[in-house]
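Enquirer: In this text, residue positions in the sequence shown follow the UniProt record's numbering: the first is 1, and each later residue adds one.
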Amino acid sequence: MPHVHAAHHLKYGQVKTGGFIPTEAEFDEEDLAACGPRGIRAADLRREILEAEARRIHANRRYLFRKPRASQYFRGTTLVRSNEERSSLRLELFFDLVFVGIVSVLAEEVIGLPTGASLIRYIIAYILAWFIWSLYRELNDCYWTGDIYQSVLTLFTMAMLVVFGNNATNIQEQLSDGPARATTIGAYLLAEFSIYGTQLFYSMHIKPYRAQIRAHVSTWPIAVALYIGSIFASVRPAIAMVVVGLVVEYGGWAFFYSPTFKRIMKLRYSSAVAIEHEVERMTDFCTLVLGETVYSIVSNHPAGEGVTDATGRAILALCIAFCFLMFYTLRSGSKSVLHPLRRSVVTAQAWFFLHIPLVSALTLFGDACGDFTKEQLVESAVRWILCTTYAIAMLCVWLLAMIEGDNDARGDVWVPKLWRLLPRLLVGVIAVFLPLSYYHIEEAGSSEPVGGEPAVTGEREHALRRLYEGEIGAEGHQAKVFAALSTTTILGILAAFSMATLLWEWISALDGPNTPADEAPEHMREGDAHTPSHALRTPAWRGFPTLFEPGFSHFDRGHQREQTHADSKLPAVTPGEDEA
Numbered sequence: 001m002p003h004v005h006a007a008h009h010l011k012y013g014q015v016k017t018g019g020f021i022p023t024e025a026e027f028d029e030e031d032l033a034a035c036g037p038r039g040i041r042a043a044d045l046r047r048e049i050l051e052a053e054a055r056r057i058h059a060n061r062r063y064l065f066r067k068p069r070a071s072q073y074f075r076g077t078t079l080v081r082s083n084e085e086r087s088s089l090r091l092e093l094f095f096d097l098v099f100v101g102i103v104s105v106l107a108e109e110v111i112g113l114p115t116g117a118s119l120i121r122y123i124i125a126y127i128l129a130w131f132i133w134s135l136y137r138e139l140n141d142c143y144w145t146g147d148i149y150q151s152v153l154t155l156f157t158m159a160m161l162v163v164f165g166n167n168a169t170n171i172q173e174q175l176s177d178g179p180a181r182a183t184t185i186g187a188y189l190l191a192e193f194s195i196y197g198t199q200l201f202y203s204m205h206i207k208p209y210r211a212q213i214r215a216h217v218s219t220w221p222i223a224v225a226l227y228i229g230s231i232f233a234s235v236r237p238a239i240a241m242v243v244v245g246l247v248v249e250y251g252g253w254a255f256f257y258s259p260t261f262k263r264i265m266k267l268r269y270s271s272a273v274a275i276e277h278e279v280e281r282m283t284d285f286c287t288l289v290l291g292e293t294v295y296s297i298v299s300n301h302p303a304g305e306g307v308t309d310a311t312g313r314a315i316l317a318l319c320i321a322f323c324f325l326m327f328y329t330l331r332s333g334s335k336s337v338l339h340p341l342r343r344s345v346v347t348a349q350a351w352f353f354l355h356i357p358l359v360s361a362l363t364l365f366g367d368a369c370g371d372f373t374k375e376q377l378v379e380s381a382v383r384w385i386l387c388t389t390y391a392i393a394m395l396c397v398w399l400l401a402m403i404e405g406d407n408d409a410r411g412d413v414w415v416p417k418l419w420r421l422l423p424r425l426l427v428g429v430i431a432v433f434l435p436l437s438y439y440h441i442e443e444a445g446s447s448e449p450v451g452g453e454p455a456v457t458g459e460r461e462h463a464l465r466r467l468y469e470g471e472i473g474a475e476g477h478q479a480k481v482f483a484a485l486s487t488t489t490i491l492g493i494l495a496a497f498s499m500a501t502l503l504w505e506w507i508s509a510l511d512g513p514n515t516p517a518d519e520a521p522e523h524m525r526e527g528d529a530h531t532p533s534h535a536l537r538t539p540a541w542r543g544f545p546t547l548f549e550p551g552f553s554h555f556d557r558g559h560q561r562e563q564t565h566a567d568s569k570l571p572a573v574t575p576g577e578d579e580a
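1) Is THR198 near GLY252, with beta carbons less than 8 Å apart?
2) Identify, in the order they occur along the chain, each residue of the same chain with its Cβ nearer than 7 Å to the Cβ of PRO259, setting aside the five sequence neighbours on each side.
3) What do you reckon, are the CB atoms on ILE124 and VAL242 nearer than 8 Å?
4) Who are the near neighbours of GLY428 in its chain, counting only those whose CB is closer than 6 Å to its CB and skipping five residues on each side?
5) Within the same chain, show all residues whose beta-carbon is closer than 7 Å to that of TRP351, passing over the 5 residues directly before and after it, in chain order.
6) For GLU278, name the three-state secondary structure that DSSP assigns.
7) Considering only the beta carbon of each residue, do ASN140 and GLU92 sit closer than 8 Å?
8) For GLY304, count neighbouring Cβ atoms within 10 angstroms of its own Cβ and tell me buried if that reaches 16, exposed if not.
9) Following the continuous alpha helix (DSSP H) through ARG55, name the residue where it begins and the one where it ends.
10) Please classify PHE324 as buried or exposed, where buried requires at least 16 neighbouring CB atoms within 10 angstroms.
11) Excluding the five sequence neighbours on either side, which residues of its own chain have a C-beta within less than 8 Å of the C-beta of VAL397, listed in chain order?
12) Work out the CA separation of GLY291 and PHE74 for me, nearest whole Å.
13) Let me know if SER380 comes out buried or exposed under the rule of 16 or more other beta-carbons within 10 Å of its beta-carbon.
14) Using only CA atoms, which one of PHE552, PHE164 and LEU491 lies nearest to ALA180?
15) Looking at the structure shown, is ASP406 part of a helix, part of a strand, or coil, going by DSSP?
16) Determine the burial state of LEU50: buried for a count of at least 16 other Cβ atoms within 10 Å of its Cβ, exposed for fewer.
17) Among LEU106, ILE385, ALA43 and ALA211, which one has its Cα closest to the Cα of LEU434?
18) For ASP371, does the count of other Cβ atoms within 10 angstroms reach 16, so buried, or fall short, so exposed?
19) How big is the Cα-Cα spacing for HIS462 and TYR143?
20) From VAL415 to SER508, what does the alpha carbon distance come to, in whole angstroms?
21) Measure the CB-CB distance between ILE490 and CYS387 and report whether it falls below 8 Å.
22) Would the segment 281-289 count as touching the segment 93-102 if we require 3 or more Cβ pairs under 8 Å?
23) What did DSSP end up calling GLY18 once you bin it into helix, strand or coil?
24) Which residue wins for smallest C-alpha separation from VAL224, given the options ARG214, PRO208 and TYR188?
25) From which residue to which residue does the beta strand (DSSP E) around GLN174 run?
26) For a quick check, are the C-beta atoms of GLN72 and ALA272 less than 8 Å apart?
Set out below in C-alpha cells:
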C-alpha cells in the first residue's frame, strides 16, 4: 500500500513508497524477504532515522560543501523518497547546450561530406559524448547536492566536452598525423574520471548505492585500456577498440544497476531513479535537439529573401520537427500508463537505449533540412540521410510508446493503443523508400527537361546530371528521363504524413464509449446563460468521440470591471446597515 497517495511520480505507475524515516507499517513478509536472509537490522533502521533527521535539519541551511545523500533509493521493495516533484535545474539545461553543440558540429560534417567514413565518425563520437551526458544525468538524478563542488564538477566536465567537440571531427587521424584523436580520447577520459571519482567518493557516504557504484567503477579500467590503445592503433582497429570499450561501459552500467545484480548481491538497500526527473530531462534534451532543425532552416538564410519555394520548404521542415516533439511528449496517448522504467528491466533498459538512436537521428535530420531548404535538388547521399534518419526517429518514438504499460480499461479510449500508434510504424517504413522514388519527364527534341525540374546551367547543371538517371534521346526524338524527387516533394510528403499521423493520434485518443460519466450535483444542474445545463454533465456516447467540450460555443458575457450599485443585481449595503 503506497505511503504517499498523491505523489507526482506515482502517475507513472503505482509502487510501494515510504519516507526517509522508516516505520514498522512499511515492512511485510515480502519486503523483508527481498532484503536478504538477515532482513533489515535494527542498527540500519536507527541509522536511517538519524540520517533523515540530519537531512531535515540541514535542508534549508547554506554550506559550500554538503554531505552527499541519495535523493531516492529502495529499502527492500519500498521506494524511499520525498514527495516533492523533481525538475530540471538550469545548470543541467546549460550542460545540455554543450552536448547539443557538439553533436550539431559533428552532424554538419556528415552533411557537408556525406560518406560512410564521416557517418561512422559521427556515430562513434556521438555515443562517446552521449555516455558522458548520461553519467552526468544520473549523478544529478541520484544525489544532487547543489554545493560548490558539484558546480565546479559541471564546469570541468563541460570544459572537457568542449575540448572533445573541437577535436572529434578529426578523430580518424592517427597519432603521426596530428593530436586530434589523442586529445579527443584524453578529454573523454578526464570527463569520465571526474564523474567516476565523484561517485566513488560518494559511495563512502551513501550506503544504498555503495555496492553498485564500486562494482561499476571497477570495470572502468578495462575501458580505459581500450581507449588508450585506440590512440596508437590504425583506423579500423581503433574503431573496434572504442566499440568494445563502449560495450564494457554501457553493459556494466546496465547490469550493475539492474534487479538481477541486486538479487545476486542480496542487497537490502539499492538504487532507484526519480522517474519524473528522468522524463523531464529527456524531454528537455529532445526539445533542444529538435531546435537543431529550427537553427538549420534559419541560419545563413537558406530560404532567401521574400516568400519563395525555399520558404515553403523551411515551413515544411518546421512542421515535421513540431510533429516529432508532439509524438515524444504524447507518448502512447493512454490515460493510465505504467512507465517503462517501472514496468520491467527489459523495458527500462530499452527506454534508455532507444534515446541514443532517436537523438542522433533527429540531429542529422535537422542538419539535412538546411540543405533541403536551400536547394531544389541535393545529392543522393543527403536524400538518404534525411529520409533514413526520419524513419529511424519515427521508429524510435513508436517503440518508446509501445513499451509503455497500458492500464486503460477496454473502451476508456476510443481506439486501442496498437491501432492508435500503427501509423508511426507505417510512415517510418514508407520514408525509407522515398530516396528510391522517381518520376519520368517526357522529352521532345531537346536536352532540357520538360514538365519537371526547371532548366539549370553551370554548377547546378552538373548537379542535375548526377541526380538524373538515364540518357536523353538524340535531338528530334522522344525520350524519357527518370528524375529523383525534388526536396520540396520529399519534405511535403514527410510533413503530410507526419501531420496526418499526429491528427489521427489526437482524435483516436479521445474518450471511448466506456469512459466513466460525471455530472454536477442536482442543485447546480440548471446552469445559467454562461454555463448551460448540458455543460454540467459529460456527453453521451453517440458512436464517435465528442470533439468540442459541451458549452464551448457559450461565451462569458459577464462584466470584468467593477459594477456600480445601480448596475448590480445584489442590493447595496450602506455603512450603517453593515455595522448593524
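We put the CB at the ideal spot given by N, CA and C, even for glycine.
Expert: In brief:
1) no
2) VAL345
3) yes
4) ALA391, MET394 and LEU395
5) PRO340, LEU341, LEU400 and ILE403
6) helix
7) yes
8) exposed
9) 42-58
10) buried
11) PHE324, PHE327, TYR328, LEU358 and ARG424
12) 37 Å
13) exposed
14) PHE164
15) strand
16) exposed
17) ILE385
18) buried
19) With a pLDDT of only 47 at HIS462, under the threshold of 50, the placement of this residue in the model should not be trusted; the figure read from the coordinates follows. HIS462 and TYR143: Cα-Cα distance of roughly 58 Å.
20) 5 Å
21) yes
22) yes
23) strand
24) TYR188
25) Run containing GLN174: none; DSSP gives neither H nor E here.
26) yes
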